[in-house]
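Engineer:
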Amino acid sequence: MKKIIISLTLLLFIFSCSGQKETVKKEPVTLTISAAASLKKSMDKIVENYKKEHPDVTINVNYGGSGALEKQIIGGAAADIFISAAKKNMDNLEKENLIIKETRKDLLKNTLVLIAPNTQKDTLKSSKELKNTGKIALGEEKTVPAGKYGKQTLEKLNLWNNIQNKIVYQKDVTAVLNIVELGEVDAGIVYLTDAKKLKNGFIVEEFSQDLHEPIVYPAAVISSTKNKEQAEQFLKYLEDSASKKIFEDAGFKF
-2 MKKIIISLTL LLFIFSCSGQ KETVKKEPVT LTISAAASLK KSMDKIVENY
48 KKEHPDVTIN VNYGGSGALE KQIIGGAAAD IFISAAKKNM DNLEKENLII
98 KETRKDLLKN TLVLIAPNTQ KDTLKSSKEL KNTGKIALGE EKTVPAGKYG
148 KQTLEKLNLW NNIQNKIVYQ KDVTAVLNIV ELGEVDAGIV YLTDAKKLKN
198 GFIVEEFSQD LHEPIVYPAA VISSTKNKEQ AEQFLKYLED SASKKIFEDA
248 GFKF
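When the letters of the sequence shown are read in order and numbered with this note's numbering, they come out as residues -2 to 251.
#1: Short of 6 Å in beta carbon distance, which residues of its chain neighbour THR20, apart from the five on each side in sequence? Order them along the chain.
#2: Thinking C-beta only, is GLN117 closer than 9 Å to ALA192?
#3: May I have the straight-line CA-CA distance separating LYS18 from THR222, to the nearest angstrom?
#4: Taking all protein chains shown into account, decide if ALA247 is buried (16 or more other Cβ within 10 angstroms of its Cβ) or exposed.
#5: Once the 5 residues before and after VAL260 are set aside, which same chain residues still bring their CB inside 7 Å of it?
#6: LEU105 bridges to which residues according to DSSP?
#7: Suppose the cutoff is 6 Å on Cβ atoms and the five residues either side in sequence are ignored; what does the same chain contact list for PHE204 look like?
#8: Is DSSP giving THR222 helix, strand or coil here?
#9: Can at least three beta-carbon pairs, one atom from the region 97 to 106 and one from the region 212 to 229, be found at a separation below 8 Å?
#10: Identify every residue that forms a DSSP beta bridge with GLN167.
#11: Identify the continuous alpha helix (DSSP H) that holds THR150 and give its terminal residues.
#12: Just to confirm the assignment, what range does the alpha helix (DSSP H) spanning ALA239 have?
#13: Determine the extent of the beta strand (DSSP E) in which ASN57 is found, giving its start and end residues.
#14: If LYS163 sits next to ILE133, beta carbons under 8 Å apart, how far is it from one beta carbon to the other, in whole angstroms?
#15: Are the CB atoms of GLU138 and LYS148 nearer to each other than 9 Å?
#16: Could you tell me whether the Cβ atoms of TYR166 and ILE212 are closer together than 9 Å?
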């Protein structure tokens, strides 16, 4: 009888232990992502989906111009992942050993477009007519990749010398989009993915890829991260079918 009682006690102990193991929760993790401003609409949706599947992970996204984000990371700002709108910014961090090189990947591609407020529909039909327009919004060349690509494009089209005194520089592509929609400028240059958000404006022209450097979005895990495994897991999530569809719907290419 004693043997039976001891056996039952052992079984109960084993079951209670296994039950405890099953209810053990994962340690909460917070990931900080520094991402190009042009990714905001897509990233917000993807982050929301990821949180539903990984309730133990909190994700904070810091959006901005890629150059500004690069400077923040070099200056010691907390970040686990960096997604840039230009290879140069990622190259600079790699030279400083601030990213984990083996995690770096080219995530997305984008297209550059000329946009204008609806008030310009009858007057602005192509980039050739920029000589006759008023102010033109462009991202800061040194900190906003779209601004750099925009200048390269305007130079290739032999327009830059005629219009550079009309350029109104902005801190990122979102700011360019906003100032165009408000009608404070006659035109602006942004990514196709940003132009798709236009409510009070339109796409005048889609620029050929051979007018500027390739628009590539590299991503990598930051060397100082304390959450390397979770950061790499999120980068993989950005390439799964559901995330790809969100990016493609926004106008990005792979």
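By construction, the Cβ of each residue, glycine as well, lies at the ideal position given by its N, Cα and C atoms.
Fair warning: this is a prediction, and the values are worked out from it, not measured in the lab.
Structural biologist: So, from the data block:
#1: Bear in mind that the predicted position of THR20 carries a pLDDT of just 43, short of 50, making it too unreliable to give a figure here.
#2: Not closer than 9 Å, so no.
#3: Low local confidence applies: a pLDDT of 42 at LYS18 is under 50, so the model's placement there is unreliable, and no value is given.
#4: So ALA247 ends up on the buried side.
#5: The shown model of the chain, from -2 to 251, leaves out residue 260, and the question about it has no answer.
#6: Residue pairing for LEU105: DSSP places it in a beta bridge opposite TYR214.
#7: Result list for PHE204: LEU109 and THR150, in chain order.
#8: Coil at THR222, not helix or strand.
#9: The region 97 to 106, when compared against the region 212 to 229, does touch it at the 8 Å Cβ threshold.
#10: According to DSSP, which records beta bridges pairwise, GLN167 is partnered with GLY136.
#11: Its alpha helix (DSSP H) spans residues 142 to 153.
#12: First-last of the alpha helix (DSSP H) with ALA239: 238 to 247.
#13: Start and end: 54 to 61.
#14: That pair is a contact at about 5 Å.
#15: Taking 9 Å as the cut-off, the beta carbon of GLU138 is found closer than this to the beta carbon of LYS148.
#16: Note that the C-beta distance between TYR166 and ILE212 is not below 9 Å.
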